[in-house]
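For reference, the structure is listed below as structure tokens.
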Amino acid sequence: MPPTSPPAVPKAWARAVAALVCGLQGVVLLGFCGFYLYELVQGEGDDPARVVMSVVLMGLFAVGLLAAARAWPRGAGWPRMATIVWNLLLLPVAWSMRDAGFWAAAPVALTSLIAIVVALLARGPDREFSGS
């Protein structure tokens, strides 16, 4: 009898952490949308068109992150690459925040690194090719 390896099982804890981080990032982005809109209503925004476009862009990313947070525990495969790419893009943002002396640089960098690591660990089930 040939030795068999156990089937690749996704690491549930890694998927749960990835979902948590994506959900947290999505909620934070929605908070920034609200803050930007509040500033616009108060007349503190320099350029209303820029503020609106920032809100739209952040809103789209927030919806994507919240969709990924919902898909992670359900075993979907698509959020893995989206989570990795998004959080790789956040690392230079965190670096710029650090250079500017902004206190949130460390939490942004830490959550991004955690998300990348757990997304890499959260492999989905391997699918075999059925030659038919």
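Just so we're aligned, residue 10 is where the sequence shown starts under the numbering used here, counting upward by one.
Glycine included, C-beta positions come from ideal geometry on N, C-alpha and C.
No experiment lies behind these values; they were computed from the predicted model shown.
- The residues S121, A124 and I125, in chain order, have a CB closer than 6 Å to that of N96 in the same chain once the five nearest residues on each side in sequence are set aside.
- For G43, the enclosing alpha helix (DSSP H) has its first and last residue at A21 to Q51.
- The Cβ neighbour count for G84, taken over all protein chains shown within 10 Å, is under 16; the residue is labelled exposed.
- Rounded to whole angstroms, the gap between the alpha carbons of G86 and C42 is 28 Å.
- The criterion of a C-beta distance shorter than 9 Å is satisfied by V36 and L75.
- Taking the Cα positions, Q34 is about 11 Å away from G68.
- Around the C-beta of A58, fewer than 16 other C-beta atoms lie within 10 Å, and the residue is accordingly described as exposed.
- At a Cβ-Cβ threshold of 9 Å, L29 and A78 count as neighbours.
- The Cβ atoms of L49 and V60 sit closer than 9 Å to each other.
- Of the other Cβ atoms in all chains shown, 16 or more fall within 10 Å of the Cβ of P88; this residue is therefore buried.
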